[in-house]
Amino acid sequence: MGMKMKIYNKMLFLILLTAVAIFGTSIGIVSFKIKENSLKTSKLKMRETAGAASQKAKMFMQEYISSARIMGELVQTYESIQENYRFDIYKNISRQTLYASPMFLSIRTIVEPQTVFTGDENLSFSFFRTKSTIEYDSSDLSGTEIYGETLHNLHETVIPPHTRSYQNTQVLQNSYTVPVLHYNKFIGVVSIDGYSSDLQGYISKNITHRKESVFIVDHQDVLITHTRDSLLKKDFASMGYDSSFYRAIAASRSTGQSALLEGVNPFDKEECFFALAPFKISKDAPRMVLVLASPKSIILAQANKSFYYSILTGLIGLVLLSGFVWVIARFITKPLSAITNSLQRISQGDIAYKYKLKNHSNDEISAMAMGVNRLIDGLNSIAGFASEIGKGNLEAEYKPLSKNDLLGKSLNQMRESLIQSRVEEEIQKRQDDKQSWVTQGIAQFGEILRLNNDNLEKLSASIVKNICLYMNKPQCALFISNNDPRDEMYYLIAAHAYGHPKVVVKSVRPGEEMIGRVAQDKKTLHIVNAPKEFPVLRPELSTDPVPTNILITPLLSGDVALGVVEVLSYQPFGAHEIEFVEKLGANIASTVNSVKINIKTADLLKQSREQKDILAQHEEEMRQNMEEMLATQEETEKREAELKAIVATLNTHTMLAILNPEGKITKINDALAALLGFPASQMVGKYLDAFTIPDEASRKEFSQLWAEVMAGNSQKKIQKIESRKRSVYLSETYVPIYDEDDHDVEQVALVAIDVTKKVDYDKEIAKLVSEIESYSK
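To convert, note that position 396 of the sequence shown is 396 in my numbering; the numbers rise steadily by one, no gaps.
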């Protein structure tokens, strides 16, 4: 009996060991396969997210760089403009560029003197944005570092974040610089500044978890943006990352290939996955690398969840199986050799059907044999079921032996759990596919928006056509604002319907119709099951279906609605389609803004060329007139010598002053200045009446005299002047001097003679005459 009990214990151990091996293998294969697939999908999505974020960063920077590049090219063309007007024209274009781009913080220009600008202008100046106006700053000294950095690199550059003061407000900003080359020689730099937070916020939209971070490393291994503001402008090599991570950054920047690697974040000591996405802001600029860091705990969370559920279900099934076998074994009282032999085979994993026992009676032994037979059947069924599950066939079914078959129920529960995991994985995959569709669409339209960026009509036609093709929609229309603050209108610039471009003349004001409402509210409008009479563009055949679902999205550049895109569909729009159109709308707004600037700049360049032709014609006329001028030069020189002699005589023997049409002193000799009691240098640039007119009545009289002089009539008067505590009488003669064409009075010559003694004599004579007359009476 003791020997048989040992055999029974051995058989029981073998049965349990066999069940553990079968279940463990099946569950392990399925669980690890699910975890591996989930991890692979998450890594792929992370690389795609990093790539999309790098393209967004590239587009964001290019908006600044392209505007700065246009301003630099404008400087190079200024040789065709008259020198006196170059500086003013360039300042006006700089101001208008900043006004038309709400995201720009300031525009700075530094040009070496005596290149394209001449004269006394300050060649280091900037325009910056305030809350309500655009301010001009000619004393901006903050461009020295930018100038030196651009001169050193000689390519389009993003200067790392730095602080600048705007009206006593400290701002953390990035500078996007473009070198200005004049005949392949560096002569200056154009820089456009923007908030550092704008770039970080723009690329951080791709982050889906608060523990994720995204940052950009430039070609000098300096951080130009980071989720942590304290790390901005720091050397990347000093942050404590593993050396292999630096080599991966360098390799990605050198080859232009994206990469995914594992490492430890030195700031929180957490293991992370790092996705590297290199990009260039222009053809000649070195590559930057965008890094998306995501903790392993986030990436592995979903995979581990499915894995743990599978393991837990298997363990529950294994426990139930062990209990089931144990209960059956307890009721065996008399182990027989046939039953013992069968159990030994089973315990060794041999569960072939040939070891099933034959039943000849209805006693306990027969019931035991039937139990062994059912065990063999059940194990074979379990093995077959586990084998199908291991192969990935979740459609396989396991039929419980009875309503009390806990093991069978556990197996079926495990299968349902695996099926649910697969369903969740497919749902997640569909969501990832939709997000990938949005990302790929934005990337594809990034290439489309770079074409025809000098022709707004062609660009608009390409946009609506490709929206219809990519989204598989029957209609699309694009409205663009005329940017007229006095009478703002949104014009239908391009439409595409039923596979063909359409020409429709339509315009709406803000607040009118649905287009105007969306432009005014700056919010997307989604209409489902609109009346069939709504679409303006009808199908060619009356029997064709009419789209009744409408999506209207504003084209926002900051807080400004530059236009509206309208898409029509036969079915309601999905959330991912709405997200795609909204993101695309922001990119279209940025491109339209750049195109308008490019067109305006092209018009200015055309005007410059026309002015150049006119100047050439004038130059020819001047050359012809030069010969005539040479003929009269001798006579002019002779007259000039005579006039100089006359002026020298007047300056020596009289008191002389030259006034401009406003009455300000432009020249005054020392004799007249001494009489008035002031140094001549202090009187130049001031009004004459400030020194000679004592009261309001005299001022009115002088105004009448001055009006006669400006009308071309010489005037003469005797003026009383209080000088050095004595009264002086001056005989003043005002002589108008005309310009070369003898049309307008260009200057007025004042010749003054001291007649004080004569006036005194006249007074004495008048007094004597009066006395004589009184005596005669």
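Ideal Cβ placement from N, Cα and C applies to all residues, glycine included.
Between the segment 438 to 458 and the segment 553 to 561, the count of C-beta pairs closer than 8 Å stays below three; the two stretches do not touch. With contact defined as three or more Cβ pairs closer than 8 Å, the segment 195 to 203 and the segment 222 to 239 are in contact. PHE186 has LEU181 as its beta-bridge partners, per DSSP. Secondary structure of TYR491 (DSSP, three-state): strand. Excluding the 5 residues flanking it on each side, VAL581 has same chain C-beta neighbours closer than 7 Å at LEU551, THR553, VAL565, VAL567, in chain order. Here DSSP, grouped into helix, strand and coil, assigns MET622 to helix. The C-alpha of VAL508 is placed about 5 Å away from the C-alpha of TYR490.
As summarised for the segment 66 to 136, the continuous beta strand (DSSP E) elements at least 3 residues long and confined to that stretch are 106 to 111, 124 to 129, given in chain order. In the displayed model, ILE463 falls within a helix according to three-state DSSP. With respect to the C-alpha of ILE527, the residue from GLY511, ILE578, HIS743, ALA495 having the closest C-alpha is ILE578. An exposed status is given to ALA250, since fewer than 16 other beta-carbon atoms sit within 10 Å of its beta-carbon.
With a 10 Å radius around the Cβ and a threshold of 16 neighbouring Cβ atoms, HIS226 comes out buried. Here ILE463 really is in contact with ALA494; their C-beta atoms are around 7 Å apart, less than 8 Å. According to the DSSP assignment, VAL748 belongs to the beta strand (DSSP E) that extends over 745 to 754. Taking a contact as a CB-CB distance under 8 Å, the pair LYS296 and GLU271 counts as one, their CB atoms being some 5 Å apart. If you ignore the 5 residues before and after LEU172, its C-beta comes within less than 8 Å of the C-beta of PRO161, HIS162, THR163, TYR195, SER196, SER197, ASP229, LEU232, all in its own chain and listed in chain order.
In the three-state reduction of the DSSP assignment, GLU271 falls in the strand class, which pools E and B.
Taking all protein chains in view, the Cβ of LEU730 is crowded by 16 or more other Cβ atoms within 10 Å, so the residue is classified as buried.
DSSP places LEU659 in the uninterrupted beta strand (DSSP E) bounded by 655 to 659. Only residues of its own chain outside the window of five on either side were considered, and among them SER294 have a CB closer than 6 Å to the CB of GLU212, listed in chain order. Membership of ALA561 in the beta strand (DSSP E) is indicated by the continuous run 560 to 569.
Around SER569, the same chain offers LYS473, PRO547, ASN549 as residues with beta carbons nearer than 6 Å, after the five sequence neighbours per side are excluded. Each of PHE236, GLN747, SER282 was checked against the Cα of PHE267, and the nearest Cα belongs to PHE236.
The Cβ atoms of TYR183 and GLU156 lie no closer than 9 Å to each other. Taking all protein chains shown into account, ALA519 has 16 or more neighbouring C-beta atoms within 10 Å of its C-beta and is therefore buried. Excluding sequence positions up to five before and after ILE515, its CB lies within less than 8 Å of the CB of PHE479, TYR490, VAL508, ILE552, VAL564, GLU566, all in the same chain and listed in chain order.
Buried is the label assigned to HIS496, since at least 16 other Cβ atoms lie within 10 Å of its Cβ. Look at GLN435 here: in three-state DSSP terms it is helix. Taking a cut-off of 8 Å for Cβ pairs, the segment 413 to 424 and the segment 439 to 447 do not touch, as fewer than three such pairs fall below it.
SER94 is positioned such that its CB atom lies closer than 9 Å to that of MET71. Non-local beta-carbon contacts of GLU708 in its own chain, meaning distances under 8 Å to residues more than five positions away in sequence, involve GLN715 in chain order. Looking only at LYS638, VAL755, GLU628, the smallest Cα-Cα distance to THR654 is reached by VAL755. For ILE65 against SER282, the beta-carbon gap comes to about 6 Å, under 8 Å, which counts as contact.
Around ALA259, the same chain offers ALA248, SER252, LEU276 as residues with beta carbons nearer than 7 Å, after the five sequence neighbours per side are excluded.
Boundaries cannot be given for LEU231, as no alpha helix (DSSP H) includes it and DSSP labels it neither H nor E. Boundaries of the beta strand (DSSP E) around SER213: 213 to 217.
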